[in-house]
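See below for the structure under consideration.
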Amino acid sequence: MKIKDLYTPGRTVFSLEVFPPNKNFPIETVYDAIEGLAAINPAYISVTYGAGGNRANRSTCEIASHIKKKYGIEAMAHLTCINSTRDDVDFMLDDFAANGIENILALRGDNKPDEEPKNDFPHASDLTAYIASKGNFDIAGACYPETHVDAESAEEDIKNLKIKVDAGASHLVSQLFFDNSCYYDFEKRARAAGIDVPIAAGIMPVTNKKQIERMVTLCGASLPSKFVKMMQKYENDPEALRSAGIAYAIDQIVDLISNDVQGIHLYAMNNPAVASRIYNGIKDLL
Ligand code: FAD
Numbered sequence: 183m184k185i186k187d188l189y190t191p192g193r194t195v196f197s198l199e200v201f202p203p204n205k206n207f208p209i210e211t212v213y214d215a216i217e218g219l220a221a222i223n224p225a226y227i228s229v230t231y232g233a234g235g236n237r238a239n240r241s242t243c244e245i246a247s248h249i250k251k252k253y254g255i256e257a258m259a260h261l262t263c264i265n266s267t268r269d270d271v272d273f274m275l276d277d278f279a280a281n282g283i284e285n286i287l288a289l290r291g292d293n294k295p296d297e298e299p300k301n302d303f304p305h306a307s308d309l310t311a312y313i314a315s316k317g318n319f320d321i322a323g324a325c326y327p328e329t330h331v332d333a334e335s336a337e338e339d340i341k342n343l344k345i346k347v348d349a350g351a352s353h354l355v356s357q358l359f360f361d362n363s364c365y366y367d368f369e370k371r372a373r374a375a376g377i378d379v380p381i382a383a384g385i386m387p388v389t390n391k392k393q394i395e396r397m398v399t400l401c402g403a404s405l406p407s408k409f410v411k412m413m414q415k416y417e418n419d420p421e422a423l424r425s426a427g428i429a430y431a432i433d434q435i436v437d438l439i440s441n442d443v444q445g446i447h448l449y450a451m452n453n454p455a456v457a458s459r460i461y462n463g464i465k466d467l468l
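Heads up, the sequence shown is in our numbering, so the first residue is 183 and it goes up one at a time.
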């Protein structure tokens with residue numbers, strides 16, 4: 183099933199994201215997490231992709247295919263292009279198609295300081311147009327409520343997002359944010375620019391101190407004072423911090439659904455216990 187068809191007026195699509203284990207762990211470690219996440223019965227589960235463009239690493243394809251085949255839950259495979267040639271991308275697309283994957287989140291990926299980027303697909307919009315030309319995949323794109331770090335300005339970032347949508351992205355998934363007003367402002371600017379595809383809000387439950395330091399350094403999300411106070415108060419109490427982080431995510435989601443957001447994409451961090459607590463807090467609103 184194409185994920186774009188899950189979006190219907192008046193309904194919020196609830197989806198999850200998982201990531202393949204790093205090379206020191208067997209793939210089965212994520213299968214245990216997926217067993218718990220599948221019990222939530224999300225609309226779909228997306229599976230991240232390393233920015234390396236390494237053909238030998240088929241874990242995204244394997245995991246996405248496992249989700250579909252074992253649980254009958256729709257899967258979306260992420261695919262990055264910054265370090266991939268056209269041949270690499272063809273290889274991955276053939277692999278996805280052969281394994282029944284119909285949905286791809288087309289991404290540029292981050293620049294790696296130690297790797298010269300390949301130039302076949304400089305932007306995600308180039309990858310999107312290429313995949314669209316193949317005709318058999320539904321394509322999603324990433325978007326940034328607080329503007330992508332490389333963008334010259336918020337206006338340029340929105341213009342570039344419009345290029346991606348025009349190239350064939352049928353729905354968008356947002357970067358994580360902790361301040362819903364940033365999301366509402368972004369959504370308004372995107373709609374004003376003529377971006378009319380469904381947008382899912384990316385929500386990351388923060389359940390430990392290390393996670394917040396890493397995530398915020400990477401994506402530059404702004405932190406409302408309510409969030410900062412919570413982190414400071416509970417930073418040395420892991421149990422309390424986990425509960426507070428879950429409550430914060432639920433609060434964000436309730437507000438987003440009340441404001442008619444079309445999708446919630448929960449960065450589930452391969453943690454079914456946390457994802458289930460959040461889902462149970464909001465399931466009656468979906
Ligand atoms: P782009 O859309 O190409 O945008 C990157 C920058 O280029 C922006 O500043 C944009 O304004 C600019 N730009 C875009 N198009 C043009 C154009 N035509 N002309 C000029 N400038 C342009 N990374 C991974 O490695 N693996 C993953 O699985 C992964 N999953 C993600 C999932 C989500 C929902 C999100 C939000 C991010 C994810 N990322 C992932 C991170 C992502 O790869 C990085 O944020 C990367 O830096 C940008 O990718 P993009 O697809 O948004 O790039």
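Note that CB positions come from ideal geometry on N, CA and C, so glycine has one too.
Near residue i, what residues of its chain come up, given a Cβ to Cβ distance below 8 Å and the 5 sequence neighbours on each side ignored?
i: Asp-367; result: Pro-327
i: Lys-184; result: Glu-284, Asn-285, Asp-320 and Ser-352
i: Ala-314; result: Ile-321, Ala-349 and Gly-350
i: Gly-282; result: Ser-247, Lys-250 and Lys-251
Once the 5 residues before and after residue i are set aside, which same chain residues still bring their CB inside 7 Å of it?
i: Tyr-213; result: His-248
i: Asn-362; result: Gln-434, Asp-437 and Leu-438
i: Pro-454; result: Ala-215, Gly-218 and Leu-219
i: Pro-406; result: Phe-360 and Asp-361
i: Ile-394; result: Val-388 and Met-413
So the beta strand (DSSP E) residue i belongs to, where does it begin and stop?
i: Ala-450; result: Segment: none, Ala-450 is in no beta strand (DSSP E) and carries neither H nor E.
i: Asp-296; result: Per DSSP, Asp-296 belongs to no beta strand (DSSP E) and is neither H nor E.
i: Tyr-226; result: 226-229
i: Ala-257; result: 256-262
i: Ala-133; result: Outside the shown range of the chain (183 to 468) lies residue 133, about which nothing can therefore be said.
i: Val-271; result: Per DSSP, Val-271 belongs to no beta strand (DSSP E); it is in the alpha helix (DSSP H), 268-280.
i: Asn-362; result: No beta strand (DSSP E) contains Asn-362, which is instead part of the alpha helix (DSSP H) from 362-374.
Just confirm the distance between the C-beta atoms of residue i and residue j, as a whole number of angstroms; I'd bet it's less than 8 Å.
i: Cys-243; j: Phe-278; result: 6 Å
i: Met-258; j: Tyr-231; result: Rounded, the Cβ-Cβ distance is 11 Å, inconsistent with contact.
i: Ile-428; j: Val-456; result: 6 Å
i: Val-200; j: Asn-452; result: 5 Å
i: Ser-460; j: Leu-468; result: Sequence check: residue 460 is Ile here, not Ser. Actually they are not in contact, since the Cβ atoms of Ile-460 and Leu-468 sit about 12 Å apart, beyond 8 Å.
Over what stretch of residues does the alpha helix (DSSP H) that includes residue i continue unbroken?
i: Thr-211; result: 210-220
i: Ile-432; result: 420-440
i: Glu-199; result: Note, Glu-199: premise wrong, no alpha helix (DSSP H); beta strand (DSSP E) at 195-200.
i: Ser-407; result: 407-416
Go through its chain and collect everything with a Cβ distance to residue i's Cβ below 6 Å, but skip five positions before and after it.
i: Tyr-253; result: Ala-220
i: Glu-417; result: Lys-391
Worksheet entry | Cβ contact (3+ pairs, closer than 8 Å) linking the region 287-295 and the region 269-276 | They do not touch, by the three-pair rule.
Worksheet item: Do the region 418-429 and the region 437-454 touch if we need at least three Cβ pairs shorter than 8 Å?
Response: Output reads no: the region 437-454 does not touch the region 418-429.
Worksheet entry | Runs of beta strand (DSSP E) wholly within the region 305-338 (minimum 3 residues, chain order) | Listed in chain order, the complete beta strand (DSSP E) runs (minimum 3 residues) inside the region 305-338 are 320-325.
Worksheet item: If you pair each beta-carbon of the region 366-383 with each one of the region 402-422, do three or more pairs fall below 8 Å?
Response: Using a C-beta cut-off of 8 Å, the region 366-383 makes no contact with the region 402-422, since fewer than three inter-stretch Cβ pairs fall below that distance.
Item to complete: Take every Cβ of the region 341-357, pair it with every Cβ of the region 293-303, and state whether three or more of those distances are shorter than 8 Å.
Response: These segments do not touch.
Discussion item. I'd like to know if the region 377-390 and the region 352-362 are in contact, where contact means that at least 3 CB-CB pairs between them fall below 8 Å.
Written reply: Flag = yes, the region 377-390 and the region 352-362 touch.
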